[in-house]
Amino acid sequence: MLIFHSDDTSLRRARTELHDGALVEPFESPERVTLILEHLKALALGEIRRPPAYGLAPVLAVHEEAYVNFLATCWARWQAAGNAGEAIANIWPARTLRGDRVPEAIGGQLGYYALAADTSITAGTFDAAMASKDVALGAVSHTLATRDPSFGLCRPPGHHAASDQFGGYCFFNNAAIAAERALSAGKQRVAILDVDFHHGNGTQQIFYARDDVFFASIHGDPSVTFPYFSGYADETGVERGKGFTANYPLPPGVAVARWMGALDDALARICQSGAELLIVSLGVDTFENDPISAFCLTHADFNILGQRLASAGLPTTLLMEGGYAVADIGVNVAGVLSGFERAM
Ligand code: OKP
Ligand code: ZN
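Be aware that the sequence shown starts at 11, since it is given in the working numbering, and climbs by one per residue.
Here it is in structure tokens:
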């Protein structure tokens, strides 16, 4: 399977994440990509290609221009304001405050454009996010041109990023950007299947009122896990999009057989949806030893996941999302890709 990667994804190397009340070294590190790449190379899983630069137009097909400008200038403005640490939001237009004004100062804008305090903005963040969406665009363009599967080693991840909000380690929604590219290349309908442990709230929000992208997500029950305020089973879309969102919230520690049952159901719905392309938001933080997640997939289960994804029989692009058990991340990603190839 052709693999897309850019060294520029390592330009984001944040030092701080607000986690459980402490500033810790971020779980979402550039080493994640290094380790996946090493493992895919060792197994000779496919040629590794650097994508071209696709510029800002595909980003602006998904994200608000003011949000993109905010991300592009945030770090410089944060520094110019004399702040010592990394840029982290600490105030929001919460339910009892006004949400209809964009404040002028960077501290206020951070709260306006952030959906969580876990994600800092730092020197290389914007450039890494640009590289990450280029990786996604390179991968999906290859699949669109050849119908062959592809893997985009995106990082930072994308599925929490909404049309004008960042958070959950995500800035640009790589899967949404890839889906828009497929639609503008002439596909009538695209499916996005999100198997990351966390609900893909950003992807859901972007397509919630639309019927040209079917979105399905299998994730930890939001009543007990991040992102808490999105991903419940009764969220099924609105307007034309009614019925084009499917959420499978599952309890922490859920038996793998039940997780696989949700996967089969989601894949059946995707096949019924009339999708001509499948984009997989591939998080491997469902792994049993993931430090911030609570599902129990084993190495062998990732191989089965890959096989089942291939069994949908659709042209498929897999895009990296989460996965924080870094010692095992290469094995788990390779397991999915090799399972996919075996079942094709
Ligand atoms: C990103 B992706 C735990 C807070 C949760 C956010 C998790 C973001 C996951 N103290 N932090 O979906 O893998
Ligand atoms: Zn996740």
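For every residue, glycine included, the Cβ atom is placed at its ideal position computed from N, Cα and C.
This one's a predicted model, so the numbers in the text were calculated from it and none came from an experiment.
Taking residue i as part of the alpha helix (DSSP H), name the residues at either end of that continuous run.
i: residue 270; result: 266-282
i: residue 346; result: 336-353
i: residue 122; result: 116-123
i: residue 140; result: 135-156
i: residue 213; result: 211-217
i: residue 321; result: 309-321
i: residue 83; result: 75-90
i: residue 194; result: 184-194
i: residue 69; result: 67-70
i: residue 43; result: 41-52
Rounded to whole angstroms, what's the CA-CA distance from residue i to residue j? Just pull it up for me.
i: residue 315; j: residue 225; result: 18 Å
i: residue 279; j: residue 83; result: 41 Å
i: residue 270; j: residue 88; result: 45 Å
i: residue 25; j: residue 282; result: 45 Å
i: residue 258; j: residue 110; result: 32 Å
i: residue 284; j: residue 168; result: 25 Å
i: residue 312; j: residue 131; result: 32 Å
i: residue 219; j: residue 52; result: 43 Å
i: residue 299; j: residue 63; result: 36 Å
i: residue 30; j: residue 152; result: 41 Å
i: residue 321; j: residue 343; result: 18 Å
i: residue 211; j: residue 170; result: 5 Å
i: residue 196; j: residue 33; result: 46 Å
i: residue 176; j: residue 85; result: 14 Å
i: residue 223; j: residue 247; result: 11 Å
i: residue 95; j: residue 28; result: 12 Å
i: residue 326; j: residue 154; result: 9 Å
i: residue 118; j: residue 69; result: 24 Å
i: residue 232; j: residue 207; result: 10 Å
i: residue 256; j: residue 40; result: 31 Å
Suppose contacts are defined by Cβ-Cβ distances below 8 Å. Is residue i in contact with residue j by that definition?
i: residue 272; j: residue 260; result: yes
i: residue 120; j: residue 91; result: no
i: residue 162; j: residue 128; result: no
i: residue 72; j: residue 173; result: yes
i: residue 133; j: residue 166; result: no
i: residue 221; j: residue 250; result: yes
Should residue i go down as buried or exposed, given a rule of 16 or more other Cβ atoms within 10 Å for buried?
i: residue 238; result: exposed
i: residue 17; result: exposed
i: residue 252; result: exposed
i: residue 186; result: buried
i: residue 147; result: buried
i: residue 157; result: exposed
i: residue 205; result: buried
i: residue 107; result: exposed
i: residue 61; result: buried
i: residue 114; result: exposed
i: residue 209; result: buried
i: residue 348; result: buried
i: residue 194; result: exposed
i: residue 38; result: buried
i: residue 198; result: exposed
Note the first and the last residue of the continuous beta strand (DSSP E) segment covering residue i.
i: residue 244; result: Per DSSP, residue 244 belongs to no beta strand (DSSP E) and is neither H nor E.
i: residue 4; result: Nothing can be reported for residue 4: it is not among the residues displayed for the chain, which extend from 11 to 354.
i: residue 302; result: No beta strand (DSSP E) holds residue 302; DSSP gives it neither H nor E.
i: residue 34; result: 32-34
i: residue 224; result: 223-230
Roughly how far, in whole angstroms, is the beta-carbon of residue i from the beta-carbon of residue j, given that I think they are within contact range, below 8 Å?
i: residue 289; j: residue 200; result: 6 Å
i: residue 45; j: residue 228; result: So it is not a contact: roughly 24 Å between Cβ atoms.
i: residue 303; j: residue 241; result: Actually they are not in contact, since the Cβ atoms of residue 303 and residue 241 sit about 14 Å apart, beyond 8 Å.
i: residue 245; j: residue 293; result: That belief does not hold up - the Cβ atoms of residue 245 and residue 293 are roughly 19 Å apart, past 8 Å.
i: residue 42; j: residue 346; result: Actually they do not touch by this definition, with Cβ atoms about 15 Å apart.
i: residue 149; j: residue 329; result: 7 Å
i: residue 182; j: residue 142; result: 7 Å
i: residue 49; j: residue 341; result: 6 Å
i: residue 275; j: residue 334; result: With a Cβ gap of about 27 Å, residue 275 and residue 334 do not count as contacting.
Is the Cβ of residue i closer than 8 Å to any Cβ of chain C?
i: residue 347; result: Of the chains in the structure shown, none is chain C; there is only one protein chain.
Does at least one heavy atom of the ligand ADP sit under 7 Å from the Cβ of residue i?
i: residue 331; result: Of the ligands this structure carries, namely the ligand OKP and the ligand ZN, none is the ligand ADP.
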